[in-house]
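In my numbering, the protein residues as written are 198 to 811.
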C-alpha cells in the first residue's frame, strides 16, 4: 500500500511541487511584505510598454501652477507627481527619529511583550513541512475511499490533496486558537492584580498608541498593560477571556480524529474481508504440502491432505492477524503524528503572537536594532536608497518625455522649463509645505468655528434678554462679552460684531442713579497736655504746646443730577453726530476733539437712543 502511494505521488510530482512552491511563495511574501510591495511598485512603474512611466510619457499633462496650498510650486506635471508620490509613500516610512525608537520600546515594555517575536520564514517553512507530512498521512488513510471510481493513482493523488485541504484548515484553526490562548493568559495576568488593585480601576483609562505611550507613565503596571492590549471587553468595560475559537478547534480535532479512526477501521475491515474471501495467495505462499490436483501429480494420503489444508488455513489466519496488528500500529503512529503536529502548530502560534494593539508594528520597528543610533543610521541609509531609486525613475520619465515628438511646441517647452528643479527631494519639500499649510488652515478653521459659535450664541442670548426686558441679564452679558467682541478682528465676523455693538450702544446704557451726597466732615480740636522736657544747658527751653488749631476738611461730592437735570446739563450733541463712528473708534475721536473718552461714549449712546425713539 505504501509503495503504491509513493509511486502515485511520484507520478504527480509536478502538481505537488507547484502547490508546495505556491505555499512557500505566499509565506515568503507575508514575511517580507514590505520588500514585495516595493518590488511590485517599481515593476508597475518601470515595466516596458505597459508600465505607468510608459503611459505618462505619452500623456504628460500640464505643469502645476502656484496655488493657495502650494504657493512655491516648481511645476511638476501629473506624471512626475505620480512617480514621486509612489516612492514618497515608502520614503516616509524611513524618517523616524531616536525618540520614535524609544517610544516603540516603551510601548512594548508596558505591554510586557518586549521578549516576544513574530514567526520568521524558518518557522513558517517548518509549519509547511509539517502540513505536507500531515497531508500525506491523511492521504494514506483516505486513499482507499477517495474517488473510488477513478484509477488508483488518481485516487491516491486526490486523497493527498484532500488531506492537504484538511491540514490547511487545521493549521489555520491552530493559529487562531494559539493566539486566543495567549490573550487569555494576558487577561489572567491582569486579573491576578485583583486583590491589590484600587476600586473601579480594572478598565481602560487610555487607548495607548505609539505616539501617546508616555501618557500613562504614572499608572500601575497592570493598568498600563490593560491600556495596550486588544482583548474582548465585557459590559462593564473590564477584560474578558474568550474560548469560542479554542472550543471550535477542539471540536474540529475530536471530530477529525473520530472520522480518521473510523476510516482506518473500515479500511482494515475491508482488507481482512478480502483475505478471508480469497485466501488463495496466502495459502499458496504458506502451503508446504500441496495437494495433488492434476493427473501427473502423486495423490497424498487423506491424513496428509487434511494436515496440509489445516496448516494452510492456520498460516493464512496468522498472516491476517499480523496485518491487523501492523495496521493498528500504523494507525496509532499516524494519530500520534497528527496530535504532535497540531500541538506544535498551536504552541508556535501561542509563542509567536502579540496581544497589544500596536505591538507588532513596534516590534517590526525595533527588533533588528541594538540601539537608537543604529536604528536611525539604518533608516537614513534606506531613505537615501529610496530617494536614489525615485530620482532615477523620475529622470527616466523626464528623458523619455523630452524625446517624444509633439506637434505643440509649447508642451515641450513646458516640460523642459525648470526641469532641473523638479527633483524627488523637491517634491518631498513641497508635500511637507502643503501638509503644513493645510494643518494650519484646519487649526484656524477650528478656532474660527469656536469663536463663531460663541458670537452667535451671545447675540441670541442678548436678544432674548432684550425681549424679556431683563436689564440685569443684559448688563451681565455686555460686561462679559464686550471686551471679547472688541478683540475680534476676523473680517468674516465684522457683521456680527457690528450687530453686537449696536445692541450694546442702545440697550447697554445704565440709567443714572442718585449717588449718596457727600457729608462735610470736620476734625475736632485735640488738646495735648504739656510735656516736660529735660533742660539742657546749651539749648533754650522748649515751651509746651498749649493746643492745636482747629482744622476743618470738607469732602466735596461730585455734582449729581436727576434724570432730567443730567440730560439738560450734558449736551450729547456738542461734538456732532457720533453714531457714524464705531465704538472702537472713540479713543481716536476723543484725541482729535480733546475731550474725555467716557463723555464721547456717553454722548454716542444718547444719540443712538434719540434715533431709536424718534
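We put the CB at the ideal spot given by N, CA and C, even for glycine.
Pair within 7 Å by beta-carbon distance, residue 590 and residue 280: Contact: yes.
For the alpha helix (DSSP H) that contains residue 576, what are its first and last residues? Residue range 569 to 600 is occupied by the alpha helix (DSSP H) that includes residue 576.
Considering only DSSP beta bridges, list what residue 430 is partnered with. As computed with DSSP, residue 430 is found in a beta bridge with 436.
Check whether the Cβ atoms of residue 261 and residue 273 lie closer than 7 Å to each other. Their beta carbons are under 7 Å apart, which means residue 261 touches residue 273 by this criterion.
Distance between beta carbons of residue 652 and residue 806, contact taken as under 8 Å: Not really, about 24 Å apart at Cβ, beyond 8 Å.
Could you check where the alpha helix (DSSP H) with residue 646 kicks off and where it finishes? For residue 646, the enclosing alpha helix (DSSP H) covers residues 621 to 664.
Give a yes or no on whether the C-beta atoms belonging to residue 594 and residue 276 are separated by under 7 Å. Note that the C-beta distance between residue 594 and residue 276 is below 7 Å.
In terms of residues, what are the limits of the alpha helix (DSSP H) holding residue 693? Under the DSSP assignment, residue 693 falls in the alpha helix (DSSP H) whose first and last residues are 691 to 704.
Cβ-Cβ distance between residue 310 and residue 535 below 7 Å: No, they are not a contact pair.
DSSP three-state call for residue 553: helix, strand or coil? Three-state result, residue 553: strand.
Here's the rule I'm using: 16 or more other beta-carbon atoms within 10 Å means buried, otherwise exposed. How should residue 459 be labelled? The Cβ neighbour count for residue 459, taken over all protein chains shown within 10 Å, is under 16; the residue is labelled exposed.
Alpha carbons only, please: which of 428, 588, 565 and 629 is nearest the one belonging to residue 620? The candidate whose alpha carbon is nearest that of residue 620 is 588.
In whole angstroms, what is the alpha-carbon distance linking residue 666 and residue 804? Going by the C-alpha atoms only, they are around 21 Å apart.
Using the three-state DSSP reduction, which class does residue 271 fall into: helix, strand or coil? Annotated three-state conformation of residue 271 is coil, per DSSP.
Residue 617 beta carbon near the ligand GTP (any heavy atom closer than 6 Å): This structure lacks the ligand GTP; in fact it carries no ligand of any kind.
Over what stretch of residues does the alpha helix (DSSP H) that includes residue 415 continue unbroken? No alpha helix (DSSP H) contains residue 415, which DSSP labels as neither H nor E.
Given residue 580 as reference, the closest of 655, 237, 292 and 230 once Cα atoms are compared: Out of 655, 237, 292 and 230, the CA that lies nearest to the CA of residue 580 is found in 292.
What separation, rounded to the nearest whole angstrom, lies between the Cα atoms of residue 450 and residue 367? Straight-line spacing of the CA atoms in residue 450 and residue 367 works out to 8 Å.
Residue 574 versus residue 566: straight-line alpha-carbon distance, rounded: Rounded to whole angstroms, residue 574 to residue 566 spans 10 Å at the Cα level.
Name the residue from 430, 352, 772 and 315 whose alpha carbon lies nearest to the alpha carbon of residue 229. Of the candidates 430, 352, 772 and 315, the one whose C-alpha sits nearest the C-alpha of residue 229 is 315.
What's the gap between the Cα of residue 235 and the Cα of residue 287? About 8 Å.
Residue 795 by DSSP, collapsed to three states: which one? Here residue 795 sits in helix by DSSP.
Contacts around residue 696, its chain only, beta-carbon distance under 8 Å, and the 5 residues preceding and following it disregarded: For residue 696, where only same-chain residues beyond five positions count, the Cβ hits under 8 Å are 656.
Report the option in 326, 256 and 317 whose CA atom is closest to the CA atom of residue 214. Ranked by Cα distance from residue 214, the options 326, 256 and 317 are led by 326.
Under a Cβ-count criterion, where at least 16 other Cβ atoms within 10 Å of its own Cβ denotes burial, should residue 622 be classed as buried or exposed? Exposed, because fewer than 16 other Cβ atoms sit within 10 Å of the Cβ of residue 622.
Give the single residue among 424, 454, 390 and 410 whose Cα lies nearest to the Cα of residue 400. If we check each option's Cα against that of residue 400, 424 comes out closest.
Figure out for me which residue from 371, 384 and 469 has the closest Cα to the Cα of residue 444. Ranked by how close their Cα comes to the Cα of residue 444, the residues 371, 384 and 469 have 371 in first place.
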